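Numbered as in this note's numbering, the sequence shown ends at 266 without a single skipped number.
Cβ coordinates follow ideal geometry from the N, Cα and C atoms, glycine included.
Only a predicted model underlies this, so the values are computations on that prediction, with no experimental measurement involved.
Comments concern the structure below.
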Amino acid sequence: MHSVFIDELDAQTYAEHVARTGSTIIIPAGATEQHGPHMPLGVDAMLSRSIAEAVAQLTGALVAPALCYGYKSQPRSGGGNHRVGTTSLGGTSLSLMVEDVVASFISQGFDNVVLLNGHFENYQFLYEGVDNAVAKTRTAGSTARAILLSYWDFVDENTLAKVFPDGFLGWDIEHGGILETSLMLLLHPQLVDMDRVIDHPPAKLTAYDIFPEDPARTPDSGCLSSAKGATAERGQLLFETVTDQVAQALKGELLLGDINIEVN
Numbered sequence: 003m004h005s006v007f008i009d010e011l012d013a014q015t016y017a018e019h020v021a022r023t024g025s026t027i028i029i030p031a032g033a034t035e036q037h038g039p040h041m042p043l044g045v046d047a048m049l050s051r052s053i054a055e056a057v058a059q060l061t062g063a064l065v066a067p068a069l070c071y072g073y074k075s076q077p078r079s080g081g082g083n084h085r086v087g088t089t090s091l092g093g094t095s096l097s098l099m100v101e102d103v104v105a106s107f108i109s110q111g112f113d114n115v116v117l118l119n120g121h122f123e124n125y126q127f128l129y130e131g132v133d134n135a136v137a138k139t140r141t142a143g144s145t146a147r148a149i150l151l152s153y154w155d156f157v158d159e160n161t162l163a164k165v166f167p168d169g170f171l172g173w174d175i176e177h178g179g180i181l182e183t184s185l186m187l188l189l190h191p192q193l194v195d196m197d198r199v200i201d202h203p204p205a206k207l208t209a210y211d212i213f214p215e216d217p218a219r220t221p222d223s224g225c226l227s228s229a230k231g232a233t234a235e236r237g238q239l240l241f242e243t244v245t246d247q248v249a250q251a252l253k254g255e256l257l258l259g260d261i262n263i264e265v266n
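This is the structure in structure tokens:
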């Protein structure tokens with residue numbers, strides 16, 4: 003058995019998967035963005051790639067290399083694009099890159115393309131790219147389908163209550179907080195330093211944006227809420243819920259072939 007990651011496959015094995023009925027490729031989408039002093043810049047892409055791997059094992063899909071640059075971090079959801087380490091694409095660049103990549107996978111013969119988003123600000127620009135790619139390839143005669151999703155949208159109310167017993171404040175304010183930190187403690191614990199977590203109240207954010215960005219409006223930590231309550235156990239709850247629910251959604255929406263894949 004072999005890897006679900008296409009960059010670890012030889013061309014012949016890859017081509018055999020593309021040719022199967024219901025062939026599906028998952029593209030993890032993340033960003034290069036600061037996540038406070040306790041986590042690395044690559045959190046978004048790392049988490050989306052790990053979730054994509056688990057979903058691929060449950061559905062028979064393959065996983066493409068992650069998109070590691072995302073749309074501009076915003077003060078009300080990512081701490082701001084001005085922060086050192088955050089390296090971003092403009093909306094047009096991101097949409098065009100996604101359009102080209104999705105269209106290429108469809109033209110190679112995949113029946114289904116899934117964009118699995120792990121960076122809050124990406125979504126509408128991923129939407130533009132996927133929509134344009136599918137429209138373009140349909141004009142050329144393709145019948146391929148695509149799905150775009152953000153993994154946190156699959157966390158149900160029961161899991162939220164267990165992970166956030168003191169109340170859930172919303173996904174936008176979770177940047178660098180309990181969700182991402184708990185998942186990283188589960189999936190990439192060697193890259194998390196809980197001794198460096200800065201415990202502070204959730205950021206008090208306005209309901210509007212100001213240009214140019216004002217660094218004083220978001221916490222110095224770069225996080226919008228505290229990760230102090232993060233644990234690998236909470237990460238396990240989140241991971242199991244997300245991977246199961248995403249896999250079920252894909253099985254329900256797409257024609258998935260009987261492909262058994264195992265990671266080396």
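Let me know if isoleucine 212 comes out buried or exposed under the rule of 16 or more other beta-carbons within 10 Å of its beta-carbon.
-> exposed
Hey, out of Leu239, Gly179, Ser184, whose CA is closest to glutamate 159's CA?
-> Leu239
Which partner residues does asparagine 119 have in the DSSP bridge list?
-> Ala31, Ser152
Cβ-based burial, threonine 94 [other Cβ within 10 Å; buried from 16] | exposed
Hey, is the segment 113-122 in contact with the segment 196-215, meaning 3+ C-beta pairs nearer than 8 Å?
-> no
Short Cβ contact (9 Å threshold) for isoleucine 29 with alanine 68 | yes
Where does glutamate 264 sit, in a helix, a strand or coil, going by DSSP?
-> Unreliable positioning characterises glutamate 264 in this predicted model, as indicated by a pLDDT of 45, which lies under 50. The coordinate reading is nonetheless provided below. Glutamate 264: coil per DSSP, three-state reduction.
For glycine 38, does the count of other Cβ atoms within 10 angstroms reach 16, so buried, or fall short, so exposed?
-> buried
Use the C-beta contact count for glutamine 14: other C-beta atoms within 10 angstroms, 16 or more gives buried, fewer gives exposed.
-> exposed
Roughly how many angstroms lie between the CA atoms of proline 191 and aspartate 46, to the nearest whole one?
-> 15 Å
Only counting runs of 4 or more residues, tell me where the alpha helix (DSSP H) segments fall wholly within the segment 181-226, in order along the chain.
-> none
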